[in-house]
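K.L.:
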Amino acid sequence: MKTRFDVNEYEWVHGAKPRGFGLWLFSSEDDWHRLPFTFEHTGLYSEAKKAAVAEFNRYRLRWNLRSDNSLNSLKVHA
128 MKTRFDVNEY
138 EWVHGAKPRG
148 FGLWLFSSED
158 DWHRLPFTFE
168 HTGLYSEAKK
178 AAVAEFNRYR
188 LRWNLRSDNS
198 LNSLKVHA
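The opening position of the sequence shown corresponds to residue 128 in the numbering used here, with each subsequent residue numbered one higher.
Dropping the structure here:
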């Protein structure tokens with residue numbers, strides 16, 4: 128399953144979609160708020176998304192989580 132990015136909080140705070148250079152923070156947790164995942168990356172948003180997906184996939188493998196698990200989206204923080 129493809130990883131989704133929730134940008135609602137970011138758009139509410141900044142009034143625009145995320146783009147460009149910055150310090151990007153991504154997070155996710157399952158339905159029971161266990162196994163929290165956080166990842167930060169300094170650079171372009173497009174590069175940060177790719178790096179976050181790669182690290183998120185390693186995280187799911189480490190915890191033996193299937194891709195159809197509830198843990199399949201990342202939240203972009205302001």
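Note that CB positions come from ideal geometry on N, CA and C, so glycine has one too.
Using beta-carbon positions only, say whether Leu201 and Ala179 come within less than 7 angstroms of one another.
P.N.:
Here residue 201 is taken as the residue at index 74 of the sequence shown, counted from 1. Here residue 179 is taken as the residue at index 52 of the sequence shown, counted from 1. In this structure, Ala179 lies closer than 7 angstroms to Leu201 by Cβ.
K.L.:
Rounded to whole angstroms, what's the CA-CA distance from Glu182 to Phe166? Just pull it up for me.
P.N.:
The sequence position of residue 182 within the sequence shown is 55, counting from 1. The sequence position of residue 166 within the sequence shown is 39, counting from 1. Their backbone Cα atoms lie some 8 angstroms apart in a straight line.
K.L.:
I'd like the list of long-range same chain contacts for Asn148, defined as Cβ closer than 7 angstroms, with 5 residues on each side in sequence excluded.
P.N.:
For the purposes of this step, residue 148 is taken as residue 21 along the sequence shown, with counting starting at 1. A small fix is needed here, since residue 148 is Phe in this sequence, not Asn. Hits under 7 angstroms: Gly170, Leu171.
K.L.:
Measuring alpha carbon to alpha carbon, tell me which of His168, Phe164, Ser173 ends up nearest Lys144.
P.N.:
On the sequence shown, position 17 is the one that residue 144 refers to. Cα-wise, what sits closest to Lys144 is Ser173.
K.L.:
Between which residues of its own chain and His168 is the CB-CB distance below 6 angstroms, once the five residues before and five after are set aside?
P.N.:
Position 41 of the sequence shown holds residue 168. Excluding positions up to five away in sequence, the list reads Trp151, Ala175, Ala178.
K.L.:
Please return the same chain residues whose Cβ sits closer than 6 angstroms to the Cβ of His204, not counting the five positions on each side in sequence.
P.N.:
Residue numbering aside, residue 204 sits at position 77 when the sequence shown is read from its first letter. Cβ within range, chain order: Leu152.
K.L.:
What are the partner residues of His168, as DSSP defines its beta bridges?
P.N.:
Along the sequence shown, read from residue 1 onward, the residue named residue 168 stands at position 41. Answer is Trp151.
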